[in-house]
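Quick notes on the structure that follows.
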Amino acid sequence: MDYHYTATTVGGFVQQLAVCYVGRGYWFYVQGTIPKNKDPKVIDEKLLTKYQIPASKFQRCRRKRWGVANLQYLRWENSFLILATHGIHAFFNEEAKRIKDVRREPIYFEGYSISYQNGHPKVSLAQDTYEDLKAYFLELAVHRQASYIAEEVKKLPYESYAPVRRQLLYILTAVNKRRKAAGLSLVQYQSIRYKRNIYRPFAPALPSPTGDHWIRPRKGKQRKKKRG
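Shown next as structure tokens:
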């Protein structure tokens, strides 16, 4: 069967991981990095075969009814994840010492922290990423024009998941507090993107209009306006 597992963008990897896997009960994971001197495709095939990961939606439903765990594999460049649901599977014996639970230990990837809280997947900036950004923007706070700082915020490569927006809001609030004390104009909060890009995780990437990062937007249905 045609099983897709190689994400073509960081944004696509995070979206597939959080929305399609963690959000659907794939809570147990092993995270790894493929050495640069090894062919990723060879490692992919080895892991996919070893744990019999590819399966149709019908097979996954049957496994679930039998109490057998389902697995997913996801890779971006040399970083990979094996994820599993509750159930019986050789994976839990083979990887017993390495398996983590995303409900207790977040997955850290390219500056993000992906976890599962209060019945939902959560995508936020990793604490180190947040602290680095906060330090950077506080350094700019009274030394650059508001327009320059706003552009720096707009250029950030992180997708606008709700927790990420809140973290950026906290940073801009701290920046504006310093600017206000110095009698400077405030940075507009509109510089924080409200909507995140929607990806086709496994499709060939296309350049975004700004050239900042590579995305392939998913075509959504347009809603018709109701006539009054």
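Our numbering numbers the first residue of the sequence shown as 103 and each following residue consecutively. Where is the CB? At the ideal position from N, CA and C, for every residue including glycine.
In this structure, DSSP gives tryptophan 178 an extended state, which the three-state scheme calls strand. If you look at serine 262, you'll find it isn't in any alpha helix (DSSP H); DSSP assigns it neither H nor E. Assignment of proline 223 by DSSP, reduced to helix, strand and coil, places it in the strand class. Taking C-beta atoms under 8 Å as the contact rule, arginine 165 and asparagine 172 qualify, at a distance of about 6 Å.
Beyond the five residues adjoining it in sequence on each side, tyrosine 210 comes within less than 7 Å, by CB distance, of Ala228 in the same chain, given in chain order. Take the alpha-carbon of threonine 108 and the one of threonine 187: they are about 20 Å apart. Per the C-alpha coordinates, the member of Gln161, Phe130, Gly213, Phe193 positioned closest to phenylalanine 115 is Gly213. Sequence-distant partners of histidine 106 (beyond 5 residues in either direction) whose C-beta falls short of 7 Å from its own C-beta, in its chain, are Phe304.
Between the alpha carbons of leucine 286 and isoleucine 273 lies a gap of roughly 17 Å. Under the DSSP assignment, glycine 285 falls outside any beta strand (DSSP E); it carries neither an H nor an E label.
Measuring C-alpha to C-alpha distances from tyrosine 291 to each of Pro259, Glu254, Arg302, Val144 identifies Glu254 as the nearest. If you draw a 10 Å sphere on the C-beta of arginine 200, you find fewer than 16 other C-beta atoms in it, and that means exposed. The alpha-carbon of tyrosine 232 is positioned some 13 Å away from that of alanine 276. DSSP places alanine 186 within a strand segment (E or B) once states are collapsed to three. In the DSSP assignment, isoleucine 294 falls outside any alpha helix (DSSP H) and carries neither an H nor an E. With 16 or more other Cβ atoms inside 10 Å of its own Cβ, tyrosine 218 counts as buried.
Residues Ile273, Val277 of the same chain have their beta carbon placed closer than 6 Å to that of phenylalanine 239, with the five preceding and five following residues left out of the count. A distance below 7 Å between beta-carbons, with the five flanking residues on each side excluded, links proline 265 to the following residues of its chain, in chain order: Lys224, Val225, Ser226. If you look at tyrosine 210, you'll find it in the beta strand (DSSP E) that goes 209–211. Here isoleucine 273 carries a helix assignment [DSSP, helix/strand/coil].
Between isoleucine 190 and valine 124 a beta carbon distance of about 21 Å is seen, past the 8 Å cut, so the two are scored as non-contacting.
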